[in-house]
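Chemist: Below is the structure I would like to discuss, written out as structure tokens.
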Amino acid sequence: MIEFERLSQDEKYFQARTAVIQKIDFWNEIDNPSIYSILNTSQQLAAEGYGKAYYLLSLLYSAKQDGDGNQDRALHFERLALDWCHANQDNDDLYLWNDLGELCQQQEEEDCFEKAAFWFRKAAENGYDVAQYNLAECYRFGLGVAEDLSAAIEWCKRSAEQGNELAIPNLAHMLEQADRTNRA
Numbered sequence: 009m010i011e012f013e014r015l016s017q018d019e020k021y022f023q024a025r026t027a028v029i030q031k032i033d034f035w036n037e038i039d040n041p042s043i044y045s046i047l048n049t050s051q052q053l054a055a056e057g058y059g060k061a062y063y064l065l066s067l068l069y070s071a072k073q074d075g076d077g078n079q080d081r082a083l084h085f086e087r088l089a090l091d092w093c094h095a096n097q098d099n100d101d102l103y104l105w106n107d108l109g110e111l112c113q114q115q116e117e118e119d120c121f122e123k124a125a126f127w128f129r130k131a132a133e134n135g136y137d138v139a140q141y142n143l144a145e146c147y148r149f150g151l152g153v154a155e156d157l158s159a160a161i162e163w164c165k166r167s168a169e170q171g172n173e174l175a176i177p178n179l180a181h182m183l184e185q186a187d188r189t190n191r192a
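To convert, note that position 159 of the sequence shown is 167 in our numbering; the numbers rise steadily by one, no gaps.
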């Protein structure tokens, strides 16, 4: 087993990003040591100037609801993440593009959903399962693209085929919805 300290910044980020997706819902349920480990790793990466960590920190602080100014910290890191992602958007980086899409969705700009769908598509077309799921949701609900259940099913299916745990049950719901629509 490789020692964590020997991992590259990208490898540390990927492990932290995966863990955030899996564990963030449990942040407030218990004093979860793995969440604090992810927070510490993300803080260390950000201190080293690794910009992808800003988005992880915004997610972590946004989910932590203990009244210690975490919402201010979340907004601070969200702004840093958005600036960093925009500055690096030309990099060939699926995670950055997906993060940029998620950040765009959180903004209160007129064309925020169109921008989000653009970035999700860029990452999805390059095979990132999370972006494929996010793009499926855009099509499912008409967020930044025309509502299109067939396109939603196709993107959700691609994501589910890669084992995305959110896509699998949602694909079943979309297929049921399509079946009901076809019978009507």
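Every residue gets a Cβ at the ideal spot worked out from N, C-alpha and C, and that includes glycine.
Small disclaimer: the values here were computed from a predicted structure and weren't measured.
Checking 9 Å against the spacing of the C-beta atoms, do Trp163 and Trp127 come in under that value?
Modeler: Start at 1 with the first residue of the sequence shown, and residue 163 comes out as number 155. Start at 1 with the first residue of the sequence shown, and residue 127 comes out as number 119. No, these two residues do not count as a Cβ contact at 9 Å.
Chemist: Let me know if Gln196 comes out buried or exposed under the rule of 16 or more other beta-carbons within 10 Å of its beta-carbon.
Modeler: The chain is shown from 9 up to 192; residue 196 falls before or after that span and cannot be answered.
Chemist: Is any non-hydrogen atom of the ligand MN found closer than 8 Å to the C-beta of Ala82, if you look at the structure I gave you?
Modeler: Among the components of this structure there are no ligands whatsoever, and the ligand MN is therefore not found.
Chemist: If you follow the alpha helix (DSSP H) that Asn106 is part of, which residue opens it and which one closes it?
Modeler: For the purposes of this step, residue 106 is taken as the residue at position 98 of the sequence shown. Asn106 -> alpha helix (DSSP H) spans 102-114.
Chemist: Classify Gln121 as buried or exposed, calling it buried when 16 or more other Cβ atoms lie within 10 Å of its own Cβ.
Modeler: By one-based count along the sequence shown, residue 121 stands at place 113. It is Phe, not Gln, that sits at residue 121 in the sequence shown. Buried, because 16 or more other Cβ atoms sit within 10 Å of the Cβ of Phe121.
Chemist: Enumerate in chain order the residues of its own chain whose CB-to-CB distance from Gln51 is below 8 Å, with the five nearest sequence positions on each side excluded.
Modeler: For the purposes of this step, residue 51 is identified with residue 43 of the sequence shown, where counting begins at 1. For Gln51, where only same-chain residues beyond five positions count, the Cβ hits under 8 Å are Ala61, Leu65.
Chemist: Under the assumption that Cys93 contacts Ala125 (Cβ atoms under 8 Å), give the Cβ distance between them as a whole number of angstroms.
Modeler: In the sequence shown, residue 93 corresponds to position 85, counting from 1. In the sequence shown, residue 125 corresponds to position 117, counting from 1. Here Cys93 is actually not in contact with Ala125; their C-beta atoms are around 16 Å apart, not less than 8 Å.
Chemist: So what's Asn178 in DSSP terms, helix, strand or just coil?
Modeler: As a working note, residue 178 is residue 170 in the sequence shown. Three-state result, Asn178: helix.
Chemist: CA-CA distance, Glu133 and Gln140?
Modeler: The residue you call residue 133 lines up with position 125 of the sequence shown. The residue you call residue 140 lines up with position 132 of the sequence shown. About 8 Å.
Chemist: Among Ala159, Glu173, Ala175, which one has its Cα closest to the Cα of Ala186?
Modeler: Residue mapping note: residue 186 aligns to position 178 of the sequence shown, counting from 1. Ala186 has its Cα closest to that of Ala159, out of Ala159, Glu173, Ala175.
Chemist: Contact check, Ala89 vs Tyr63 under 8 Å by CB: the rounded distance?
Modeler: Counted from its first residue, the sequence shown places residue 89 at position 81. Counted from its first residue, the sequence shown places residue 63 at position 55. Sure, about 4 Å apart at Cβ, within 8 Å.
Chemist: Distance check for Arg81 and Asp152, CA to CA, integer angstroms please.
Modeler: Locating residue 152 in the sequence shown gives position 144, counting from the first residue. Locating residue 81 in the sequence shown gives position 73, counting from the first residue. Going by the sequence as given, residue 152 is Gly instead of Asp. The alpha-carbon of Gly152 is positioned some 28 Å away from that of Arg81.
Chemist: Apart from the five residues just before and just after His181, which ones in its own chain have a Cβ nearer than 6 Å to its Cβ?
Modeler: Locating residue 181 in the sequence shown gives position 173, where the first residue counts as 1. The answer is none, since no qualifying residue turns up.
Chemist: Which one of Asn78, Gln79, Lys20 has the shortest CA to CA distance from Asp54?
Modeler: The residue labelled residue 54 in the question sits at position 46 within the sequence shown. Looking at the sequence provided, one finds Ala at residue 54 rather than Asp. Taking each of Asn78, Gln79, Lys20 in turn and checking the Cα distance to Ala54, the smallest one comes out for Lys20.
Chemist: How long is the line joining the alpha carbons of Asn190 and Leu111, rounded to whole angstroms?
Modeler: If you number the sequence shown from 1, residue 190 lands on position 182. If you number the sequence shown from 1, residue 111 lands on position 103. Near 35 Å, if we compare the C-alpha coordinates of Leu111 and Asn190.
Chemist: Straight-line CA distance for Leu174 to Asn142?
Modeler: Within the sequence shown, the letter at position 166 stands for residue 174. Within the sequence shown, the letter at position 134 stands for residue 142. Rounded to whole angstroms, Leu174 to Asn142 spans 10 Å at the Cα level.
Chemist: I think Thr7 touches Ala71, with their Cβ atoms under 8 Å apart; what is that distance to the nearest whole Å?
Modeler: The question about residue 7 has no answer, for the chain in this structure spans 9 to 192.
Chemist: Confirm, please, whether the CB-CB distance from Gln97 to Tyr5 is below 9 Å.
Modeler: Nothing about residue 5 can be read from this structure; the chain reaches only from 9 to 192.
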